[in-house]
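> Those protein sequences? They're chains C and D, same order as listed.
Residue numbers for the first sequence follow our numbering, beginning at 1 and rising by one.
Residue numbers for the second sequence follow our numbering, beginning at 1001 and rising by one.
A single structure is presented below for examination.
Number of protein chains: 2
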Amino acid sequence: MIGKLNHVAIVVPDLPAATALYRDTLGAAVSQPVDLPPHGVTVVFVTLPNTKIELLHPFGEKSPIAGFLEKNPSGGIHHICYEVEDILAARDRMKEQGARVLGDGEPKIGAHDKPVLFLHPKDFCGTLVELEQA
Amino acid sequence: MIGKLNHVAIVVPDLPAATALYRDTLGAAVSQPVDLPPHGVTVVFVTLPNTKIELLHPFGEKSPIAGFLEKNPSGGIHHICYEVEDILAARDRMKEQGARVLGDGEPKIGAHDKPVLFLHPKDFCGTLVELEQA
């Protein structure tokens, strides 16, 4: 069912420093920072030949990643995102298999303007998993 | 400099259960478990269309991931691996940029029989980064 790894999301305490690290030290192509107020994050996209890394920093006062950064002040990998063809079919399959979908179970429009769901880390090897309709 | 994301490595407390999760719940193609005694891990490869997930479990008494599992009993993402063309050139670039290479700084032969280096998580946004010569 899952298709491509769409991205790996890394929460960082200092977005300009993290951007410089990926651009200058690791030599990758990085975007300008993009504020996404509805998602409470500012994101820099790191484009690799086969997938993306997303460097995330809290935006605004109620950022959903603020707590993660408090617990991980150096930053860390926040989630991985797998593509699926049909988000509702994926949601139903998760539930049938006994995996918990976060929130009310209804897909939301994600940072790429596509429907997404998040799955409970305790059900996925301690890893927060995002499913995005490709 | 960095090329493809070669893999995301996830340490799991129960390898058969994690394999079943990726195969049956997420519907991905999974390998048989492969013991890698020199690396102290047993690995199951999850093949996605654009990259791999590696499910890691400690093998033997001196596994380098045993401590991680003690700290993260549900499992978690352990490292991400980027491909580079020339591991020595990459190593020298890291050092010039002030990033710490773990160990003695000499590439070791990794789990894919290719030269690898690990970079200090504190210098990479709280993320353990492996570089592998492609």
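Just so it is clear, CB atoms sit at the ideal spot from N, CA and C, and this is done for glycine as well.
Keep in mind it's a predicted model, so treat the numbers as computed, not measured.
With burial defined as no fewer than 16 other Cβ atoms inside 10 Å of the residue's Cβ, what is the status of HIS1120 (chain D): buried or exposed?
The sequence position of residue 1120 (chain D) within the second sequence is 120, counting from 1. Label assigned to HIS1120 (chain D): exposed.
> Classify ASP96 (chain C): buried if its beta carbon has 16 or more other beta carbons within 10 angstroms, exposed otherwise.
If you number the first sequence from 1, residue 96 (chain C) lands on position 96. For the record, residue 96 (chain C) in the displayed sequence is Glu; it is not Asp. GLU96 (chain C) is exposed by the Cβ-count criterion.
> I'd like the list of long-range same chain contacts for GLU61 (chain C), defined as Cβ closer than 6 Å, with 5 residues on each side in sequence excluded.
Your numbering for residue 61 (chain C) matches position 61 in the first sequence. Taken in chain order, the list of residues that qualify is empty.
> Take every Cβ of the segment 50-69 of chain C, pair it with every Cβ of the segment 1017-1032 of chain D, and state whether three or more of those distances are shorter than 8 Å.
No: the two stretches stay apart, fewer than three of their Cβ pairs being nearer than 8 Å.
> Which residues mark the beginning and the end of the alpha helix (DSSP H) in which ILE1087 (chain D) is found?
Walking along the second sequence from the start, residue 1087 (chain D) turns up at place 87. Start and end: 1087-1096.
> Flag this pair as yes or no: are the beta carbons of PRO13 (chain C) and LEU69 (chain C) separated by less than 8 Å?
Translated into positions along the first sequence, residue 13 (chain C) becomes position 13. Translated into positions along the first sequence, residue 69 (chain C) becomes position 69. It is a contact, given that the beta carbons lie within the stated cut-off.
> Whose Cβ in chain D lies nearer than 7 Å to the Cβ of GLN133 (chain C)?
Numbered from 1 along the first sequence, position 133 holds the residue referred to as residue 133 (chain C). Ordered by position in chain D, no residue passes the 7 Å Cβ test against GLN133 (chain C), which lies about 15 Å from the chain.
> Closest Cβ-Cβ distance between ASP1024 (chain D) and chain C: below 8 Å?
Looking up residue 1024 (chain D) in the second sequence gives position 24. Yes, ASP1024 (chain D) counts as interfacial toward chain C.
> Could you tell me which chain D residues have their CB closer than 8 Å to the CB of PHE124 (chain C), listed as they occur along the chain?
If you number the first sequence from 1, residue 124 (chain C) lands on position 124. Within chain D, the residues near PHE124 (chain C) are LEU1021.
> Go ahead and label GLU85 (chain C) buried or exposed: buried means 16 or more other beta carbons lie within 10 angstroms of its beta carbon, across all protein chains shown.
Along the first sequence, one-based indexing puts residue 85 (chain C) at 85. It counts as exposed.
> Mind listing the chain C neighbours of LEU1117 (chain D)? Cutoff is C-beta to C-beta under 7 Å, in chain order.
Here residue 1117 (chain D) refers to the residue found at position 117 when the second sequence is read from its first residue. Here the premise fails: no neighbours, minimum Cβ distance about 13 Å.
> What is the DSSP secondary structure of HIS112 (chain C), reduced to helix, strand or coil?
As a first step, residue 112 (chain C) is located in the first sequence; it is residue number 112 there, counting from the start. DSSP places HIS112 (chain C) in coil when its eight states are reduced to three.
> Taking C-beta pairs closer than 8 Å, name the residues in chain C that SER1074 (chain D) reaches, listed in chain order.
Sequence index remark: in the second sequence, residue 1074 (chain D) carries index 74 (1-based). Neighbours of SER1074 (chain D) on chain C, chain order: PRO121, LYS122, CYS125 and GLY126.
> Shorter than 8 Å from the beta carbon of LEU5 (chain C) to some beta carbon of chain D?
For the purposes of this step, residue 5 (chain C) is identified with residue 5 of the first sequence, where counting begins at 1. With 8 Å as the cut-off, LEU5 (chain C) counts as an interface residue toward chain D.
> Nearest CA to the CA of ASN1072 (chain D): which residue from D:GLY1003, D:ILE1010 and D:LYS1004?
Residue mapping note: residue 1072 (chain D) aligns to position 72 of the second sequence, counting from 1. Closest option to ASN1072 (chain D), Cα to Cα, is D:ILE1010.
> Starting from the beta carbon of ALA18 (chain C), find every residue of chain D whose beta carbon is closer than 8 Å, and list them in chain order.
Taking the first residue of the first sequence as 1, we reach residue 18 (chain C) at position 18. Chain D residues near ALA18 (chain C): CYS1125.
> Scan the segment 1048-1061 of chain D for residues whose Cβ lies nearer than 8 Å to a Cβ of chain C and list them as they occur along the chain.
Flagged, chain order: LEU1048, PRO1049, ASN1050, THR1051, ILE1053 and LEU1055.
> Shorter than 8 Å from the beta carbon of ILE1077 (chain D) to some beta carbon of chain C?
Taking the second sequence and counting its residues from 1, one reaches residue 1077 (chain D) at position 77. Yes, ILE1077 (chain D) lies at the interface with chain C (some Cβ there is under 8 Å from its Cβ).
> Are PRO33 (chain C) and LEU21 (chain C) closer than 8 Å when you measure CB to CB?
Within the first sequence, residue 33 (chain C) is the residue found at index 33, counting from 1. Within the first sequence, residue 21 (chain C) is the residue found at index 21, counting from 1. Going by C-beta atoms, PRO33 (chain C) is not nearer than 8 Å to LEU21 (chain C).
> Output the distance between the C-alpha atoms of ALA1099 (chain D) and LEU5 (chain C), rounded to the nearest integer angstrom.
Residue numbering aside, residue 1099 (chain D) sits at position 99 when the second sequence is read from its first letter. Residue numbering aside, residue 5 (chain C) sits at position 5 when the first sequence is read from its first letter. Roughly 27 Å between the two C-alpha positions.
> When the Cα atoms are used, what is the spatial distance from PRO1064 (chain D) to VAL46 (chain C)?
Counting from one through the second sequence, the residue named residue 1064 (chain D) turns up at place 64. Counting from one through the first sequence, the residue named residue 46 (chain C) turns up at place 46. Rounded to whole angstroms, PRO1064 (chain D) to VAL46 (chain C) spans 29 Å at the Cα level.
> Going along chain D, which residues have a C-beta under 9 Å from ILE80 (chain C)?
Residue 80 (chain C) sits at position 80 when you count from the first residue of the first sequence. Ordered by position in chain D, the residues that pass the 9 Å Cβ test against ILE80 (chain C) are VAL1008, ILE1010, ILE1053 and ILE1077.
> Restricting to Cα atoms, I'd like to know which of D:HIS1078, D:GLU1106, D:PRO1038 and D:PRO1049 is closest to LEU1128 (chain D).
Taking the first residue of the second sequence as position 1, residue 1128 (chain D) is located at position 128. When each option's Cα is compared against that of LEU1128 (chain D), the closest is D:HIS1078.
> Could you please give me the residues that DSSP links to ILE10 (chain C) through a beta bridge?
Working through the first sequence from its first residue, we reach residue 10 (chain C) at position 10. DSSP, once it has assigned bridges, lists C:LEU55 and C:ILE77 as partnering ILE10 (chain C).
> Counting contacts by CB-CB distance shorter than 8 Å, is ALA99 (chain C) in contact with chain D?
Counted from its first residue, the first sequence places residue 99 (chain C) at position 99. Yes, ALA99 (chain C) counts as interfacial toward chain D.
> Would you please verify whether the beta carbon of ALA28 (chain C) is less than 8 Å from any beta carbon of chain D?
As a position in the first sequence, residue 28 (chain C) is number 28, starting the count at 1. Cβ-Cβ to chain D under 8 Å: yes for ALA28 (chain C).
> If the cut is a Cβ gap below 8 Å, which residues of chain C does ILE1002 (chain D) touch?
Here residue 1002 (chain D) is taken as the residue at index 2 of the second sequence, counted from 1. Neighbours of ILE1002 (chain D) on chain C, chain order: LEU26, GLY27, ALA28 and LEU48.
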